[in-house]
Amino acid sequence: NAGVTQTPKFQVLKTGQSMTLQCAQDMNHEYMSWYRQDPGMGLRLIHYSVGAGITDQGEVPNGYNVSRSTTEDFPLRLLSAAPSQTSVYFCASRFLKGSNTEAFFGQGTRLTVV
Amino acid sequence: AQKITQTQPGMFVQEKEAVTLDCTYDTSDQSYGLFWYKQPSSGEMIFLIYQGSYDEQNATEGRYSLNFQKARKSANLVISASQLGDSAMYFCAMRERDDMRFGAGTRLTVKP
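Residue numbers (the working numbering), protein chains in the order written: chain A, 3 to 116; chain B, 4 to 115.
Here is the structure:
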């Protein structure tokens, strides 16, 4: 069971470049989300999706785009990278219904923008 | 507005002793879930324990227990008999409706 798979694990970008962080899950979870983790700020929600074709903004959506064309995949696009987007990015997924619906996390992507 | 507050950036505990990590939350919803995750130095997020807002008993999972005080809106994590492997970042999280929000985390260091 692969769970939640994120690629790449590490990435260095130049300011202004664009890139896509990939996230795939094989647990048939309806809900998928992206967080960024910065020191002293915990994990902040960027975007989330409750099913294919449905996305919504979280706390810090500016500079990021998402789409959800399939249940399995939820890519995060950086349109024009800025040094402020240097962070560790986590993708997470879970079942939507049910009270005890823990989120499963990918291994994270460490992104540096220079 | 910050919905999850963890007021202890760092905590130290002696091996084999118990430690409490604080978490307070803010919500006007009646139905919500509270979670604790552990993040060791390797970086992965590990689910520890869950408490539903309608659960009358405090959740327990092995050495982890959640001290849920609904009126105070607090959901403190208690780790009993600390082990060296418990040294990590600990995050409190709350799920309202669809999304899940996290606190800033507490770094726990277990001393031998």
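For each residue, glycine too, the CB sits at the ideal point set by N, CA and C.
Is the Cβ-Cβ distance between Arg112 of chain A and Phe12 of chain A less than 7 Å? Residue numbering aside, residue 112 of chain A sits at position 110 when the first sequence is read from its first letter. Residue numbering aside, residue 12 of chain A sits at position 10 when the first sequence is read from its first letter. Yes, the Cβ-Cβ distance between Arg112 of chain A and Phe12 of chain A is below 7 Å.
Take the Cβ of Lys41 of chain B as the centre, count every other Cβ of all protein chains shown within 10 Å, and call the residue buried at 16 or more, exposed below. Walking along the second sequence from the start, residue 41 of chain B turns up at place 38. Looking at its Cβ environment, which holds 16 or more other Cβ atoms inside 10 Å, Lys41 of chain B is buried.
Where Asn64 of chain A meets chain B, residues with beta-carbon distance less than 7 Å: Counting from 1 along the first sequence, the entry for residue 64 of chain A is found at position 62. Those do not exist, as Asn64 of chain A stays about 17 Å from chain B at its closest Cβ, beyond 7 Å.
Using CA atoms only, rank isn't needed, just tell me which of B:Gln9, B:Pro43, B:Met97, B:Met92 is closest to Gly55 of chain B. If you number the second sequence from 1, residue 55 of chain B lands on position 52. The shortest C-alpha separation from Gly55 of chain B is found at B:Met97.
When the Cα atoms are used, what is the spatial distance from Lys16 of chain A to Pro41 of chain A? For this step, residue 16 of chain A is matched to residue 14 along the first sequence. For this step, residue 41 of chain A is matched to residue 39 along the first sequence. Looking at the backbone, the Cα of Lys16 of chain A and that of Pro41 of chain A are separated by about 22 Å.
Considering only their Cβ atoms, is the gap separating Phe97 of chain A from His31 of chain A smaller than 7 Å? Position 29 of the first sequence, counting from 1, holds the residue named residue 31 of chain A. Position 95 of the first sequence, counting from 1, holds the residue named residue 97 of chain A. A contact, by the Cβ cut-off of 7 Å.
Residue range of the beta strand (DSSP E) that includes Leu15 of chain A: Working through the first sequence from its first residue, we reach residue 15 of chain A at position 13. In the DSSP assignment, Leu15 of chain A falls within the beta strand (DSSP E) that extends over 12 to 15.
Check distances from the C-beta atoms of the stretch 93 to 105 of chain B to those of chain A and list, in chain order, the residues that come in under 7 Å. Those would be Phe94, Asp101, Asp102, Met103, Arg104, Phe105, in chain order.
Scan the stretch 3 to 73 of chain A and note each continuous alpha helix (DSSP H) run of 4 residues or more that stays entirely inside, going in chain order. Listed in chain order, the alpha helix (DSSP H) runs fully inside the stretch 3 to 73 of chain A amount to none, counting runs of at least 4 residues.
Could you tell me which chain C residues have their CB closer than 9 Å to the CB of Tyr53 of chain B, listed as they occur along the chain? The displayed structure is made up of protein chains A and B, and chain C is not among them.
With a 10 Å radius around its C-beta and 16 neighbouring C-beta atoms as the bar for buried, classify Thr109 of chain B as buried or exposed. Against the second sequence, residue 109 of chain B aligns to sequence position 106. With 16 or more Cβ atoms within 10 Å of its Cβ, Thr109 of chain B is classed as buried.
Let me know the secondary structure DSSP gives Gln17 of chain B once reduced to three states. Position 14 of the second sequence, counted from the first residue, corresponds to residue 17 of chain B. Here Gln17 of chain B sits in strand by DSSP.
Is Glu59 of chain B close to chain A, meaning its C-beta is less than 7 Å from at least one C-beta of that chain? Your numbering for residue 59 of chain B matches position 56 in the second sequence. Chain A has no Cβ within less than 7 Å of the Cβ of Glu59 of chain B.
Consider the Cβ of Gly46 of chain B: report whether some Cβ of chain A lies at a distance smaller than 7 Å. Sequence index remark: in the second sequence, residue 46 of chain B carries index 43 (1-based). The C-beta of Gly46 of chain B comes closer than 7 Å to at least one C-beta of chain A.
Test item: CB-CB of Ser86 of chain A and Arg70 of chain A under 7 Å: Along the first sequence, read from residue 1 onward, the residue named residue 86 of chain A stands at position 84. Along the first sequence, read from residue 1 onward, the residue named residue 70 of chain A stands at position 68. Cβ atoms of Ser86 of chain A and Arg70 of chain A: not closer than 7 Å.
Can you check whether the CB of Leu47 of chain A is closer than 7 Å to the CB of Tyr37 of chain A? Locating residue 37 of chain A in the first sequence gives position 35, counting from the first residue. Locating residue 47 of chain A in the first sequence gives position 45, counting from the first residue. Yes, the Cβ-Cβ distance between Tyr37 of chain A and Leu47 of chain A is below 7 Å.
Determine the direct distance from the alpha carbon of Leu81 of chain A to that of Gly65 of chain A, and round the result to whole angstroms. Counting from 1 along the first sequence, the entry for residue 65 of chain A is found at position 63. Counting from 1 along the first sequence, the entry for residue 81 of chain A is found at position 79. Computed Cα separation, rounded: 6 Å.
Inspect the beta-carbon positions of Ala94 of chain A and Thr73 of chain A and report whether they are closer than 7 Å. Within the first sequence, residue 94 of chain A is the residue found at index 92, counting from 1. Within the first sequence, residue 73 of chain A is the residue found at index 71, counting from 1. The answer is no: Cβ separation not under 7 Å.
Under DSSP, the beta strand (DSSP E) around Ala94 of chain A begins and ends at which residues? Indexing the first sequence from 1 puts residue 94 of chain A at position 92. From DSSP, the beta strand (DSSP E) with Ala94 of chain A extends over 89 to 96.
Can you give the beta carbon distance from Leu80 of chain B to Leu24 of chain B, rounded, assuming they're within the 8 Å contact cut? Numbered from 1 along the second sequence, position 77 holds the residue referred to as residue 80 of chain B. Numbered from 1 along the second sequence, position 21 holds the residue referred to as residue 24 of chain B. Confirmed, Cβ separation roughly 4 Å.
Exposed or buried, what is Gln9 of chain B when buried is set at 16 or more other beta-carbons lying within 10 Å of its beta-carbon? Here residue 9 of chain B refers to the residue found at position 6 of the second sequence. Its Cβ being crowded by 16 or more others within 10 Å, Gln9 of chain B is buried.
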